[in-house]
Each structure stands twice: as structure tokens, then as C-alpha cells.
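One structure is given here, and the rest of the page talks about it.
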């Protein structure tokens, strides 16, 4: 059973009311672990200072407007106008910690509270900019467009902001950090739309760059992390914290529609793998994380959810199953945006995804002794109305292994068995590992995954303590 549209509309109004009651909010604070440091400028722009740029506040609250009562709509408009006036997103990259009510429910230590006065709004993230990032997040221009649509004044806004749109870094950087590519696409899209609202001729160079960035996004979309081989001694290793969210941070409905048209298969494959690797992705601040992190970031639960809502356009009744509680006592803008997306897709914006299939393996890791054998269950599930037969193939990484995959063809849904036998005849050292690729092809769609096999794995036996 589902809670229904009316429940989520009431919940949306309640969350918005908390923000209205509090007034201006400072960024959301929560410690994750070492990513607190790496997220400042190595892996992104102050990634654990949630909603530090007023652009997200403006854009997300304006998305919610159609689903609020007339009286609350007016209050939200006033709130958004105040945010825009006091913290123009094209001028300030970070709203600072000096002003505003807390989003978190707990109290800060006295000395920390007293020190907030020393952290006013910041115009640029100079350190991130010096590491091939940006000084000002280009996503700001997306919010400017949406603001001008509601409140007018496009020409004044455009004239004040137009010189602050930065040039994207090298394509290699954008592919390494696809959320940056998303933000630049949002920014260039917003720039052109704001320019149109202002009544100016379109900037041909900006249009050409937007088209190039969009093509780059679809053509180079990858589910795999460029940091997967990095050890924890390398600063960028902690960028792996964003492995399953990186493709969907700073996603907009416009980019989502482009990806649905031009990269739907890649997105479906990525989401299937991400959900298998991180089954608690939908939990706010799930108590797990890469290396010396204790909690996941909010980007996991937000990014995957919005990809399901905007790219796959899953119905609201399906989306509500992944709505966890807010991560903050008030002002969890990602929760608010998820509520809006659920309501939108309850109202008919959701549709069935293109017909395809997903593939998963259980387990993903298995350990056997030399000369032994082990099996993996390879499961195929239909997406949409998928009916073709699927062919399966497994690669063999070593002549010391015998591999069979039966059956070799499968109707969907269905399950095959991957059996691996060790042919190692002599002494084998502990911890020898192999990666075995599996590919499924059918109906013009291909899925791939890898399972791991370890021979003579290290074993640790803890003593049994009886009290």
C-alpha cells in the first residue's frame, strides 16, 4: 500500500512551514569523517556545507510553489526574494556561517557558536578554483533564470550577473567530476534562458558551448569511478565517497530529459549497479562510508532519487518507497525536492522507463580454497515491457580457473548460475584474487558486471567470550 498524494502534499507544506518559521538558515552541518576535509576543495566545492549556495534554496523552493496553498505560496515568494536580495547567487558562492538559524537540531559547543561571526558570506571558493574547479558555482545561473520567470526583472538580473559565468575547465576534469559538468550545463542553460527573458539576442558562443557540453555528458557518461584504484593515502581517494552520486549531483529537469533521450541505457545500467553496491542508498546519512568515513553524504539519497524521478520518470507510487525522513530538523532542501518530485510524478509526470533489463550477482564476492569451487547467482530483471531472450557470457581471467555459465540464454526475468572451479595444482599463496566479467546482451541492450573470487583468503577468527 502507499500513503498517497494527499499525505505527501501535507508533508511538503509542513517542511516548508519550518523554513518559513525559522527565517534565513545557515548551511546544513554534519560530520562524515575524512571527507569533511577532502570535500572542501579536493573532491568538490565545500561538499559537506549543505546548501551553502543560495541558488539551491531559490531553485528548489520555486519548484515547490505549484504544490502549496495560495497563502503559503506568497510567504515562500517573500522568503525567496529575501534570499536573493541578501545573498545573490552570482555574487556569493557561500552564504557563510555568520548569519541564520541552524538546520540541525543539536546545539553547537559554545566556542564554535562564538566563532561563527568570523565566517561571513564568501564570494568565491578560491582554493577549489585553483584546483581546476570554479570560484562561483555556475548552477547559480539556473536559479537566476527560474527566479526571473517568477518575479520578472530579467534584464536587470542578466546585466548584473552576465560577467560571472565562468568558462568550464578541461574536458578531462569534467569527465572526472561529472557533477561539475552537470553544473556547467545548468549554468549555460540558465544563462541563455535568462538572456532570452531579458530580450537580448542569443549569444551564439554560449549556445555552441552548451550543445558541446550536452554531447560530452551523454557520450562520456560512465558508471565507473576514476578513483577506484586510489589508496587512502592519496587525497583524491576520498572522492570515492561520491561514487554512486557523482553522476546526478546538480541534475536539472532539462538535463534529465536530455539524458533520458540520449543516454537512458547508460543511466539504467548505472542505477542498477549503484543500488546493488549501496542497498541503503535511500537512507539519510546512512551509517556507512568509504574508509575513514562514518556516514554517507546526502548526495547518495538525493542523487539516485532524482535520477529515478527525472530521468527514468518513475511513478510517484514507486518513488515514495524511497522517501526516508529529513536529514535535518528543518531546511532539508533535498528532502523537499524529493517530495516535490514524488508529487509531480503522482500527478502524471511519471512514465514507464524504456524497455530493457537489469543484471545483478549474488554474491559479488566469494572465497574458496585452492582446488575448490564456488557459484554465483546471476539474476536478470525486466525494466518496462522487455520480452527478448538474453545471451550471457563470462570472461575467464586465468587458465588456472574453469568457468561455466548456465544457461547461456535466458528469458527475463530469470536466473543463471556462474560456477568457478580452481585448477591450481601447486602451492598457492593466501589472498590470490580474480575479477570475472559477466555480460548480458539482448533486445539491443547490454548489461555488464564483475564478480570477485579470492583463493585461500585470509581468515581471522575471533575468540568466543562467555560471561
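Residue numbers (the numbering used here): -8 to 458.
Built from N, CA and C at the ideal position, the CB exists for glycine as well.
Computed from a predicted structure; not experimentally measured.
Are residue i and residue j closer than 8 Å when you measure CB to CB?
i: residue 419; j: residue 364; result: no
i: residue 36; j: residue 125; result: yes
i: residue 55; j: residue 80; result: no
i: residue 396; j: residue 371; result: no
i: residue 407; j: residue 383; result: yes
i: residue 238; j: residue 261; result: yes
i: residue 195; j: residue 146; result: no
i: residue 250; j: residue 209; result: yes
i: residue 44; j: residue 109; result: no
i: residue 0; j: residue 78; result: no
i: residue 294; j: residue 333; result: no
Quick one: measure Cβ to Cβ for residue i and residue j, integer angstroms, because I've assumed they're closer than 8 Å.
i: residue -6; j: residue 311; result: 6 Å
i: residue 337; j: residue 389; result: With 8 Å as the limit, residue 337 and residue 389 do not qualify as a contact, their Cβ atoms being about 51 Å apart.
i: residue 281; j: residue 254; result: The pair is not a contact, with the Cβ atoms about 26 Å apart (cut-off 8 Å).
i: residue 130; j: residue 161; result: With a Cβ gap of about 19 Å, residue 130 and residue 161 do not count as contacting.
i: residue 242; j: residue 301; result: 6 Å
i: residue 115; j: residue 84; result: 5 Å
Using 10 angstroms around the beta-carbon of residue i, count the other beta-carbons present and answer buried if the total reaches 16, otherwise exposed.
i: residue 343; result: Here the model assigns residue 343 a pLDDT of 49, short of 50, so the residue's position is not dependable and the matter cannot be decided.
i: residue 348; result: buried
i: residue 48; result: buried
i: residue 14; result: exposed
i: residue 381; result: buried
i: residue 121; result: exposed
i: residue 138; result: buried
i: residue -2; result: exposed
i: residue 288; result: buried
i: residue 203; result: exposed
i: residue 89; result: exposed
i: residue 283; result: exposed
i: residue 446; result: buried
i: residue 524; result: No answer is possible for residue 524: the residues shown for the chain start at -8 and end at 458.
i: residue 163; result: exposed
i: residue 117; result: exposed
i: residue 271; result: exposed
i: residue 285; result: exposed
i: residue 376; result: exposed
i: residue 259; result: buried
List the DSSP bridge partners of residue i.
i: residue 425; result: 444
i: residue 436; result: 433
i: residue 381; result: 401
i: residue 24; result: 284
i: residue 408; result: 368, 397
i: residue 350; result: 371
i: residue 357; result: 444
i: residue 85; result: 113
i: residue 19; result: 41
Determine contact between the stretch 21 to 30 and the stretch 327 to 337, defined as no fewer than three beta-carbon pairs at a distance below 8 Å. no
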